[in-house]
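S.K.: Structure provided below as structure tokens; questions to follow.
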Amino acid sequence: RSRGLITVDEPDIVGYLRAMTRPDDDSALEFALVVRPEHRDGEVPRRLLDAAIDYARSVDVHSVSLWVFGADVDSDALAAAVGLTAERELWQMRVPLPLAGAPKWPDGISLRAFVPGDDNDAWLVVNNAAFVLRKNRRH
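Counting from 1152, one number per residue, gives the positions in the sequence shown under our numbering.
Structure below.
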């Protein structure tokens, strides 16, 4: 299940919200919201979020999640205004390349490329262990 919602300031689309069924739970929706910068301080974000929550109610889901990239006090206030609470934060970590030196691996640790078909089961074990507390990210 998926639905796209738009806000128009003729002749331009100024906001878009995508409501998608979560891959691991068809009774939950994830929202992704984008709004043109010059419309972020107005009513566009709230109108889109209100419409998405109305849609969620109409399809009888038990929960919704809003993914916010670059969250700030304004996005937190918007989410709180419609009853959403922060569950976790997503950090984007960066480093300039090239690195200053070669990595130093502990004894017994080696590095090689992932081999599809050969490494799938081992990857799944490591992934599940890394996200054991994140029920919605386990495979």
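Don't be surprised by glycine CBs; every beta carbon is placed ideally from N, CA and C.
1. How far does the beta strand (DSSP E) with Arg1245 in it reach, from first residue to last?
2. Quick one: residues in its chain with C-beta nearer than 8 Å to the C-beta of Val1233, no 5 flanking neighbours on either side, listed in chain order?
3. Take Glu1240 and list the residues in its own chain whose beta-carbon comes closer than 8 Å to its own, dropping the five residues that flank it on each side.
4. Within 8 Å, do at least three Cβ pairs link the segment 1269-1278 to the segment 1246-1254?
5. Leaving out five residues before and five after Val1219 in sequence, what residues of the same chain have Cβ atoms less than 6 Å from its Cβ?
6. Between which two residues does the alpha helix (DSSP H) holding Arg1198 run?
7. When the Cα atoms are used, what is the spatial distance from Pro1257 to Arg1154?
8. Just to confirm my understanding: we take Val1186, look at its own chain, exclude 5 residues before and 5 after, and list those with CB closer than 6 Å. What are they?
9. Can you list the beta strand (DSSP E) stretches of 3 or more residues lying completely in the segment 1154-1183, in chain order?
10. From Leu1156 to Ala1231, what does the alpha carbon distance come to, in whole angstroms?
11. In the DSSP assignment, what are the bridge partners of Val1277?
12. Just to confirm before moving on: does the CB-CB distance between Arg1152 and Leu1184 stay below 9 Å?
13. Could you check if Val1283 is buried or exposed, using at least 16 other CB atoms within 10 Å of its CB as the buried criterion?
14. Helix, strand or coil for Leu1298, going by three-state DSSP, please let me know.
M.R.: Once the coordinates are examined:
1. First-last for Arg1245: undefined, no H or E at that position.
2. Arg1197, Leu1200, Asp1201 and Ile1204
3. Ala1222
4. no
5. Ser1226
6. Val1195 to Ser1209
7. 48 Å
8. Gly1166, Val1195 and Pro1196
9. 1163-1173
10. 20 Å
11. Val1277 pairs with nothing; no bridge assigned.
12. no
13. exposed
14. Here the chain has residues from 1152 to 1290 only, and residue 1298 is not among them.
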